[in-house]
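Here the structure comes first, spelled out in structure tokens, and everything after it is commentary.
In this note's numbering, the protein residues as written are 1 to 244.
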């Protein structure tokens, strides 16, 4: 077999402005539920978002994702009913009345308010039974599809488009409603649209549901719970500084 020509990237470092833009998208990204405007997303911008998702890393280059766009009001209303049913079940699962009260006060979706919904799926059979990198962990295709979600989310933030991930569904009912094949699983149900504003902090943090965990308490070295070796104090100090 003849060797194929392989192209290389020789610009290894972003400019300060480019690097700043990447981190700005990461740190200002929010899960949007209630700030959607009805304005449609132009096709060229929606195409850029889908291209960004399609360029996510995937194990074995299997590219297991599909992108199901839902614009139909009727279909979104049916999906919304599935959410309401699952949301009632979810509220009852929390152990205290205080938690149930906070939960019931949260808006956890924008299915009807957003102009377009998007389902990112994973085809578990896309690349056949044996895939490079998935030989010992069959979930790697699902993880790859999640990378597509993150790519789209960060690209959307750069475009000023809000994204909300709705996960409170009975998966089997959602699959049936959307007519997904047996080997295809829904990974993320996303609501997309322009927004009135992005929140400064994650909504669940502002609502008092949870605080952001200190990063320096989550980093270990060489072995589990080996968290404060003397030679790593410099890095641990840097981890405690504000990120952005």
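Glycine included, each C-beta is placed from N, C-alpha and C at the ideal position.
- In the DSSP assignment, residue 106 falls outside any alpha helix (DSSP H), carrying neither H nor E.
- Taking a C-beta distance under 8 Å as the contact criterion, residue 19 and residue 159 do not qualify as a contact pair.
- Each of 188, 177, 69, 243 was checked against the Cα of residue 41, and the nearest Cα belongs to 69.
- Here DSSP, grouped into helix, strand and coil, assigns residue 83 to helix.
- As summarised for the region 23-74, the continuous beta strand (DSSP E) elements at least 3 residues long and confined to that stretch are 65-70, given in chain order.
- Assigned with DSSP and collapsed to three states, residue 234 falls in helix.
- The alpha carbon of residue 172 has as its nearest neighbour, out of 82, 17, 50, 32, the alpha carbon of 82.
- Of the residues 126, 151, 6, 229, the one whose Cα lies closest to the Cα of residue 25 is 151.
- Burial is judged here by how many other beta carbons sit within 10 angstroms of a residue's own beta carbon; residue 22 has fewer than 16 and is exposed.
- Excluding sequence positions up to five before and after residue 34, its CB lies within less than 6 Å of the CB of 107, all in the same chain and listed in chain order.
- Within its own chain, the residues whose Cβ lies closer than 8 Å to the Cβ of residue 27, once the five positions on either side in sequence are excluded, are 243, 244, listed in chain order.
- The alpha-carbon of residue 167 is positioned some 25 Å away from that of residue 45.
- With 16 or more other Cβ atoms from the protein chains shown falling within 10 Å of its own Cβ, residue 120 counts as buried.
- When C-beta atoms of the region 54-63 are compared with those of the region 117-131, three or more pairs fall below 8 Å, so the two segments count as touching.
- Counting other Cβ atoms within 10 Å of its Cβ, residue 16 stays below 16 and is therefore classed as exposed.
- Judged by DSSP in its simplified three-state form, residue 226 adopts coil rather than helix or strand.
- Taking 8 Å as the cut-off, the Cβ atoms of residue 32 and residue 195 count as close.
- For residue 210 and residue 202, the gap between their C-alpha atoms comes out near 10 Å.
- Membership of residue 177 in the alpha helix (DSSP H) is indicated by the continuous run 171-178.
- Contact between the region 181-196 and the region 101-117 is established, with three or more Cβ pairs separated by less than 8 Å.
- The alpha-carbon of residue 96 is positioned some 16 Å away from that of residue 87.
- Annotation for residue 13: no beta strand (DSSP E) segment contains it, and DSSP assigns it neither H nor E.
- Only residues of its own chain outside the window of five on either side were considered, and among them 33, 36, 164, 191 have a CB closer than 6 Å to the CB of residue 110, listed in chain order.
- By DSSP's assignment, residue 191 forms a beta bridge with 117, 164.
- For residue 141, the three-state secondary structure derived from DSSP is helix.
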